[in-house]
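Quick note: the sequence shown, position 46, residue 45 per numbering that gives the first Met the number 0, numbers continuous. Don't be surprised by glycine CBs; every beta carbon is placed ideally from N, CA and C. Fair warning: this is a prediction, and the values are worked out from it, not measured in the lab. Worksheet for the structure shown next.
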Amino acid sequence: MLSSLFQQQIFIQLVLITIFYKHRTNATNVTFVPEPIHITVADLPEPYATPSYNKDANVFPVPEDPILYVPNGFTVKLYMSGLTMPRYLIYTPTGDILVSEPRLHRISCLIDNDGDGYPDERTTFADASNGLNQPYSMAFAHGYFYVGNRNVTRRYPWTTGSRQIFGIGELVMTYDGRGHWTRIVVVSPDIDRIYIGIGSRTNVDVEQLPRASVQLANLDGSNQTTFAYGLRNPIGLAFHPITKDLYVA
0 MLSSLFQQQI FIQLVLITIF YKHRTNATNV TFVPEPIHIT VADLPEPYAT PSYNKDANVF
60 PVPEDPILYV PNGFTVKLYM SGLTMPRYLI YTPTGDILVS EPRLHRISCL IDNDGDGYPD
120 ERTTFADASN GLNQPYSMAF AHGYFYVGNR NVTRRYPWTT GSRQIFGIGE LVMTYDGRGH
180 WTRIVVVSPD IDRIYIGIGS RTNVDVEQLP RASVQLANLD GSNQTTFAYG LRNPIGLAFH
240 PITKDLYVA
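Rendered as structure tokens:
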């Protein structure tokens, strides 16, 4: 039996698929049995063993009647359209869904008024007037709402049931916003610390911390320390529902 948190994470992945896909879709089941792979330093070639080469991908138009292939037991439906480059979704503690739209410096609240399982209203939860700058990830903890922006993580007082935040909040952590800009913020399972993923500025240079790392701090941003480093662009962090180990994508 999957935990409710893990089920929500699976649901959110499905929502991501449906929000990005603007066309009517069909889905068919396929066998999907993922297997872990392991790569060590010894498996890698010596530096400069091959010349550098760029090859652009071929881009094909979306077919008129596209089919998405999904694992057995899964289905894909359009959840909501009309959003601008949605990137990250979370549930609020009261069951609404928040989605970040970095290009608009906006976080939208998706509201299901009629209880049919699909939102029928979008409201602005926060935007540039609240100090948002390409917001990516979001989290809730102890009456605060956290947002990982391109160059800063902020938190705002949040009242249970509120569908909008006010003011510019307070700074939790600042960092260089150049290069990889997505900032993932998660709260520890015991809800007393935050983990923030900060991508590298470049692709191959030796990076100065906190770039290319996961930073750990108290909920107010104090006692900041490096939890992990050498990570090119950590855009996803999640705790295993049983072991509580932290996974990074």
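(request) Decide yes or no for the touch test of the segment 134-145 against the segment 155-162: beta carbon pairs closer than 8 angstroms, at least 3 of them. (result) yes
(message) With a threshold of 6 angstroms on Cβ separation, who are the neighbours of Pro60 within its own chain once the five nearest residues in sequence on each side are excluded?
(response) In the sequence shown, residue 60 corresponds to position 61, counting from 1. Around Pro60: no qualifying Cβ.
(message) Just to confirm the assignment, what range does the beta strand (DSSP E) spanning Leu170 have?
(response) Taking the first residue of the sequence shown as position 1, residue 170 is located at position 171. That run of the beta strand (DSSP E) goes 169-173.
(message) For Asn148 and Arg192, which I take to be in contact (beta-carbon distance under 8 angstroms), what is that distance rounded to the nearest angstrom?
(response) By 1-based counting over the sequence shown, the position of residue 148 is 149. By 1-based counting over the sequence shown, the position of residue 192 is 193. Not quite, the Cβ-Cβ distance comes to about 19 angstroms (not below 8 angstroms), so this is no contact.
(message) Based on DSSP bridge pairs, tell me the residues matched to Thr225.
(response) Here residue 225 refers to the residue found at position 226 of the sequence shown. According to DSSP, Thr225 bridges with Gln214.
(request) Report the partner residues of Ser107 according to the DSSP bridge assignment. (result) In the sequence shown, counting from the first residue as 1, residue 107 sits at position 108. Looking at the DSSP assignment, Ser107 forms a beta bridge with Val98, Thr123.
(message) Strictly by DSSP, which residues pair up with Leu245?
(response) What you label residue 245 is simply residue 246 of the sequence shown in a count that begins at 1. Bridge partners of Leu245: Phe238.
(message) So, with DSSP's three-state summary, where would you put Ala41?
(response) Walking along the sequence shown from the start, residue 41 turns up at place 42. Of the three classes helix, strand and coil, the one that applies to Ala41 here is helix, per DSSP.
(message) Classify Phe124: buried if its beta carbon has 16 or more other beta carbons within 10 angstroms, exposed otherwise.
(response) Your numbering for residue 124 matches position 125 in the sequence shown. So Phe124 ends up on the buried side.
(message) According to DSSP, Gly136 sits in a beta bridge with which residue or residues?
(response) Residue 136 sits at position 137 when you count from the first residue of the sequence shown. For the sequence presented, residue 136 should be read as Ser rather than Gly. According to DSSP, Ser136 bridges with Gly147.
(request) Give the straight-line distance between the Cα atoms of Pro35 and Asp42, rounded to the nearest whole angstrom. (result) For this step, residue 35 is matched to residue 36 along the sequence shown. For this step, residue 42 is matched to residue 43 along the sequence shown. The alpha-carbon atoms of Pro35 and Asp42 are separated by roughly 16 angstroms.
(request) Name the two residues that bound the continuous beta strand (DSSP E) containing Val186. (result) Residue mapping note: residue 186 aligns to position 187 of the sequence shown, counting from 1. Where Val186 is concerned, the enclosing beta strand (DSSP E) stretches over 182-186.
(request) Leaving aside the five residues before and after Arg210 along the sequence, list all residues of the same chain whose C-beta is less than 8 angstroms from its C-beta, in chain order. (result) By one-based count along the sequence shown, residue 210 stands at place 211. The residues are Tyr174, Asp175, Gly178, Ile197, Gly198, Ser199, Arg200.
(request) Starting from Ile197, trace the beta strand (DSSP E) both ways and give me its first and last residue. (result) Within the sequence shown, the letter at position 198 stands for residue 197. If you look at Ile197, you'll find it in the beta strand (DSSP E) that goes 192-197.
(message) Below 8 angstroms, how does it come out for the segment 205-219 and the segment 231-248: are there three or more Cβ pairs, yes or no?
(response) These segments touch.
(request) Evaluate the contact criterion for the segment 99-107 versus the segment 115-123: three or more CB pairs, one atom per stretch, below 8 angstroms. (result) Cβ pair count under 8 angstroms is three or more, so yes.
(request) Can you grab the Cα-Cα spacing for the pair Ile66 / Val32, in whole Å? (result) Along the sequence shown, read from residue 1 onward, the residue named residue 66 stands at position 67. Along the sequence shown, read from residue 1 onward, the residue named residue 32 stands at position 33. Taking the straight line from one Cα to the other gives about 20 angstroms.
(message) Between the alpha carbons of Ala227 and Val186, how many angstroms are there, rounded?
(response) Residue mapping note: residue 227 aligns to position 228 of the sequence shown, counting from 1. Residue mapping note: residue 186 aligns to position 187 of the sequence shown, counting from 1. Whole-angstrom Cα-Cα distance: 16 angstroms.
(request) Indicate whether Thr74 and Arg102 have their beta-carbon atoms separated by less than 9 angstroms. (result) Here residue 74 refers to the residue found at position 75 when the sequence shown is read from its first residue. Here residue 102 refers to the residue found at position 103 when the sequence shown is read from its first residue. No, the pair does not count as a contact, with Cβ atoms beyond the cut-off.
(message) Measuring straight from C-alpha to C-alpha, what distance separates Asn217 and Val151?
(response) If you number the sequence shown from 1, residue 217 lands on position 218. If you number the sequence shown from 1, residue 151 lands on position 152. Approximately 15 angstroms between the Cα atoms of the pair.
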